[in-house]
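Contents: one structure, followed by commentary.
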Amino acid sequence: MRLYLAVAVLMLAFVAYTEAQEEETLDQKLSAFGDKLTEFGRSIADKAKTTFQDIHNSEFGTNARNWFREAFEKMKAKADELRQ
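Using mature numbering (1 follows the signal peptide of the UniProt record, and there is no 0), the letters of the sequence shown correspond one by one to residues -20 to -1, 1 to 64.
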């Protein structure tokens, strides 16, 4: 019964979609493509920003920053010793 109901709903949706569909002009198609491309770019930028923030705030990110800071301070101290 679920299958019949699902098929019927899909057919109604398909019929409604094909009846409501209008032929777009080239200008409308290009405008819609530009809008989709802009939205895609924003979505990717937001996801990348969120990912970088998650990495920056993670335990791994904090440990890596601390390790690099300590290693740089050790190298700096060694360089100061060699200069004297």
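For each residue, glycine too, the CB sits at the ideal point set by N, CA and C. Bear in mind that the values here come from a model prediction, so they are computed numbers and not experimental data.
Residues near residue i in its chain [Cβ-Cβ closer than 8 Å; skip 5 each side]
i	result
Thr31	none
Lys26	Residue 26 is actually Asp in this sequence, not Lys. Cβ neighbours of Asp26 beyond the five flanking positions: none.
Alpha-carbon spacing of residue i relative to residue j, whole angstroms
i	j	result
Glu50	Leu62	18 Å
His36	Asp60	31 Å
Gln8	Ser23	22 Å
Gln64	Ser38	40 Å
Phe(-7)	Val(-14)	10 Å
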